[in-house]
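Have a look at the structure below, then the notes.
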Amino acid sequence: MNPYILSTLLFSLGLGTTITLTSSHWLFAWMGLEINTLAILPLMAQQHHPRAVEATMKYFLTQATGAATLLFASTTNAWLTGQWDILQMSHPLTITMVILALSLKVGLAPLHTWLPEVLQGLDLTTGLILSTWQKLAPFALFLQIQPTNPAILVMLGITSTLVGGWGGLNQTQLRKILAYSSTAHLGWMILILQFSPSLALLTLIMYLIMTSSTFLVFKLNKSTNINMLATSWTKAPALTTLTPLILLSLGGLPPLTGFMPKWLILQELTKQELAPIATLTALTALLSLYFYLRLTYAMTLTMSPNNVTGTTPWRLPSLQLTLPLATLTMTTISLLPLTPTMTALFIL
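Heads up, the sequence shown is in numbering that gives the first Met the number 0, so the first residue is 0 and it goes up one at a time.
Right, dumping it as structure tokens:
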């Protein structure tokens, strides 16, 4: 792609998200989401592959549906209450419509079915943008609305953690596994959103760090399915040693970074006298942990079928920058001891 066009698209992507993050008016928020969607579509379709074009079309249709529902909900709210301000939305019908529209845009269950299919049709770089940056704008709107019926967010959260764990169990494609992982993590965030918004924000930041490092590892190894992970020992032995820790951090095992948000969320749910929901959510995390362990097993304890006598396969040197990967990997593995600092920083 032409560097000038790429720069324009990336600038538009940042501009759309920034407009939504800084807006207090529903029309401006909607406008930011639309700019965001239109900017990423050429990046998704740049491969000119039928799968990429199909994924782009699916993404466009779902995002357009979500944006149209959001605009309809905000217009209905202005008609019923005379308010366009995001923080002043008070009618139960419009709040429910907005929550469902934003759930469709980020891929919360049961409105998640587009996400694995779209992510599978993209390359890992665009998939990384879709799984991280594209979640910021809708999540900023989630943080600003005050639901009158807390049950809807709890139900969306539990369904997402369950479906995210269940859906990834039988997958062999890494991008689909990461899509279900995204749904499960977003379920944890939505579950705690109404009780502690700052904790939901902390969980989002941890999710962005862990997912980015996972995508960059797969991109460096050029891995797109589980079988291709088995060849990573000969390509990058040091990275292959650290990758299981990244995957287990995504699963939420102590003493890794991913344990911190799950621990704090379960603690907060128990404080809110929602111990049964906390127990159910903790059990659904075991489903996700299983497929992360499966990836770890495929990467470290299996050998790729190899007929040649040498152990190092012929390959071109990778041109990927390793500094972002190194920084994100260390953050993914070693942030748990800083939990008291994080809780003080986010005023939990």
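In this text, a Cβ means the ideal position worked out from N, Cα and C, and glycines have one as well.
- Rounded to the nearest whole angstrom, the CA to CA distance from Ser22 to Leu322 is 34 Å.
- Taking 4 residues as the shortest admissible run, the stretch 123-148 contains the following complete alpha helix (DSSP H) segments, listed from N- to C-terminal end: 123-130, 135-143.
- If you check the CB distance, Pro146 and Leu152 come in under 8 Å.
- Secondary structure of Asn226 (DSSP, three-state): helix.
- Shown here, His47 sits in coil according to DSSP, grouped into three states, outside any helix or strand.
- Minimum Cα-Cα distance from Ser180 among the listed residues Leu244, Pro196, Ala108, Lys218 corresponds to Ala108.
- For Ala72 and Thr240, the gap between their C-alpha atoms comes out near 49 Å.
- With respect to Ala136, Gly164 sits apart: the two C-beta atoms are not nearer than 8 Å.
- Linking Thr301 to Phe290 through their CA atoms gives a straight-line distance of about 16 Å.
- For Met0, same chain residues with a beta-carbon under 7 Å away, outside a window of 5 residues either side, are Gln45 in chain order.
- Here the alpha carbon of Tyr58 sits roughly 13 Å from the alpha carbon of Ala178.
- Arg50 is not a Cβ neighbour of Gly126, given a cutoff of 8 Å.
- If you check the CB distance, Val52 and His111 do not come in under 8 Å.
- Boundaries of the alpha helix (DSSP H) around Met205: 196-220.
- Residue pairing by DSSP places Gln172 opposite Asn224 in a beta bridge.
- Only residues of its own chain outside the window of five on either side were considered, and among them Gly251 have a CB closer than 6 Å to the CB of Ala284, listed in chain order.
- Between Pro149 and Gln193, the beta carbon gap of about 5 Å places them in contact (Cβ cut-off 8 Å).
- By the Cβ neighbour-count rule, Phe214 is buried, with 16 or more other Cβ atoms within 10 Å of its own.
- By the C-beta density criterion, Pro254 is exposed, having fewer than 16 other C-beta atoms within 10 angstroms.
- The residue among Leu69, Thr230, Ala54, Ser287 with its C-alpha nearest the C-alpha of Trp113 is Ala54.
- Going by beta carbons, Met43 and Leu121 fall inside the 8 Å limit.
- Annotation for Ile85: Ser22, Ser23, His24, Trp25, Ala28, Leu140, Gln143, Ile144 place their beta carbon closer than 8 Å to its own, counting only its chain and skipping 5 residues before and after.
- Pairing Thr223 with Lys134, the inter-Cα distance amounts to about 22 Å.
- Ranked by how close their Cα comes to the Cα of Thr131, the residues Leu92, Ser212, Met96 have Ser212 in first place.
- Per DSSP, reduced to three states, the secondary structure at His24 is strand.
- Minimum Cα-Cα distance from Ser231 among the listed residues Ala66, Leu268, Ile39, Thr295 corresponds to Thr295.
- Taking 8 Å as the cut-off, the Cβ atoms of Thr256 and Ser333 count as close.
- Considering only Asn220, Met329, Ser102, the residue with the shortest C-alpha distance to Gln62 is Ser102.
- Between Leu219 and Ser317, the C-beta gap is smaller than 8 Å, which places the two residues in contact.
- Cβ neighbours of Ala77 within its own chain (closer than 8 Å, five residues either side excluded): Trp25, Trp83.
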